[in-house]
Amino acid sequence: MTIIEIFLIGVALSMDAFAVSLSSAMVYTNLTPARSLSMPAAFGLFQGLMPVAGFYLGSLFSDIINNWSGPIALVILGFIGINMIREGLSENEDVSKKELTFKLLILQAIATSIDAFAVGVSFAASGAPILKAAPIIALTTFSISLAAVFIGGRLGEKLGEKAEIFGGIILICIGIKSMFF
């Protein structure tokens, strides 16, 4: 497997992380620079670790992951998305006080990286070099998510209070996509 093929796999895997980073940055407009970097770092880390886990544990859990990754992602992202929409429709909440918590960030990182576990299983089956691939996937996801945070921050400033509703809809759509595709 070439570096270009691994990079393209990293791009494909990072699309959910891109969308979640974009929607989170739209909603949490008061992110500090450190908090802004925490999203790409978490998504990159999980996207890099999950293929390694899939590579080494894949034979034990591949059926479970293949059968349940969609529903798990739908439940996690759907729950977060519904919460965001509910809070966006609430009139008594101050948007400037919304905070991206560590717990929420980890849930998002897990939900967006479940498919990377399955990729790790396929790497094991094909004999692909996982220790070469994982850092490339992680750095690709980090870079793409970082761009999403920047874009999302700008969109959030323009959308204002509607950003949370829009971000929630994006997360629910990603969860539905995970369930069926």
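Residues in the sequence shown are numbered consecutively from 467, following our numbering. Even for Gly, the Cβ is constructed at its ideal location relative to N, Cα and C. Model, not experiment: these values are computed from the prediction.
Can you tell me the Cα-Cα spacing of Leu-566 and Leu-555, whole angstroms?
Your numbering for residue 566 matches position 100 in the sequence shown. Your numbering for residue 555 matches position 89 in the sequence shown. Approximately 18 Å, taken between the alpha carbons.
Pick from Ser-480, Pro-517 and Gly-524: whose alpha carbon is nearest that of Met-505?
Translated into positions along the sequence shown, residue 505 becomes position 39. Looking at the Cα atoms, Ser-480 is the closest of the given residues.
From Gly-622 to Lys-628, what distance separates their C-alpha atoms?
Here residue 622 refers to the residue found at position 156 of the sequence shown. Here residue 628 refers to the residue found at position 162 of the sequence shown. The straight-line gap from Cα to Cα measures roughly 8 Å.
Return the chain-ordered list of same chain residues with a C-beta closer than 7 Å to the C-beta of Ser-611, the five sequence neighbours on each side being excluded.
To locate residue 611, count along the sequence shown from 1; it is residue 145. Leaving aside the five residues that flank Ser-611 on each side, the residues in its chain whose CB is nearer than 7 Å to its CB run, in chain order, Ser-480, Ala-483, Phe-484, Ser-487, Met-505, Pro-506, Phe-509 and Gly-510.
On the criterion of 16 or more Cβ atoms from any shown chain inside 10 Å, does Leu-543 qualify as buried, or is it exposed?
The residue you call residue 543 lines up with position 77 of the sequence shown. The residue is buried, with at least 16 neighbouring Cβ atoms inside 10 Å.
Between the CA atoms of Ser-579 and Val-587 - distance to the nearest angstrom:
Residue mapping note: residue 587 aligns to position 121 of the sequence shown, counting from 1. Residue mapping note: residue 579 aligns to position 113 of the sequence shown, counting from 1. Cα atoms of Val-587 and Ser-579: separation of roughly 13 Å, rounded to the nearest angstrom.
I believe Ile-551 touches Ile-631 by the beta-carbon criterion, under 8 Å. Please report the beta-carbon distance rounded to the nearest angstrom.
Start at 1 with the first residue of the sequence shown, and residue 551 comes out as number 85. Start at 1 with the first residue of the sequence shown, and residue 631 comes out as number 165. With a beta-carbon spacing of about 5 Å, Ile-551 and Ile-631 fall inside the 8 Å limit used to define contacts.
With distances taken between CB atoms, is the gap from Ser-502 to Ile-636 smaller than 9 Å?
Within the sequence shown, residue 502 is the residue found at index 36, counting from 1. Within the sequence shown, residue 636 is the residue found at index 170, counting from 1. Not a contact, by the Cβ cut-off of 9 Å.
Classify Ala-577 as helix, strand or coil using the three-state DSSP reduction.
Counting from one through the sequence shown, the residue named residue 577 turns up at place 111. Three-state DSSP puts Ala-577 in a helix.
Thinking C-beta only, is Lys-569 closer than 9 Å to Val-493?
Translated into positions along the sequence shown, residue 493 becomes position 27. Translated into positions along the sequence shown, residue 569 becomes position 103. Taking 9 Å as the Cβ cut-off, Val-493 and Lys-569 do not qualify as a contacting pair.
If you measure from the beta carbon of Lys-624 to each beta carbon in chain C, is any gap under 9 Å?
The structure shown contains no chain C, having only a single protein chain.
Host alpha helix (DSSP H) of Ala-594 (start-end):
As a first step, residue 594 must be located in the sequence shown, where it is residue number 128. Careful: Ala-594 lies outside any alpha helix (DSSP H) and carries neither H nor E.
Beta-carbon separation of Gly-634 and Thr-495 under 9 Å?
Within the sequence shown, numbered from 1, the residue matching residue 634 stands at position 168. Within the sequence shown, numbered from 1, the residue matching residue 495 stands at position 29. Not closer than 9 Å, so no.
List the whole-angstrom C-beta distance separating Phe-512 from Ile-576, where the pair is believed to meet the contact cut-off of C-beta under 8 Å.
As a first step, residue 512 is located in the sequence shown; it is residue number 46 there, counting from the start. As a first step, residue 576 is located in the sequence shown; it is residue number 110 there, counting from the start. Indeed they touch by this definition, with Cβ atoms about 6 Å apart.
So, are the CB atoms of Ala-599 and Ile-472 less than 9 Å apart?
As a first step, residue 599 is located in the sequence shown; it is residue number 133 there, counting from the start. As a first step, residue 472 is located in the sequence shown; it is residue number 6 there, counting from the start. In this structure, Ile-472 lies closer than 9 Å to Ala-599 by Cβ.
Terminal residues of the alpha helix (DSSP H) in which Lys-564 lies:
Within the sequence shown, the letter at position 98 stands for residue 564. Run containing Lys-564: none; DSSP gives neither H nor E here.
Find out if the Cβ-Cβ distance for the pair Ala-582, Met-645 is shorter than 9 Å.
Working through the sequence shown from its first residue, we reach residue 582 at position 116. Working through the sequence shown from its first residue, we reach residue 645 at position 179. Taking 9 Å as the Cβ cut-off, Ala-582 and Met-645 do not qualify as a contacting pair.
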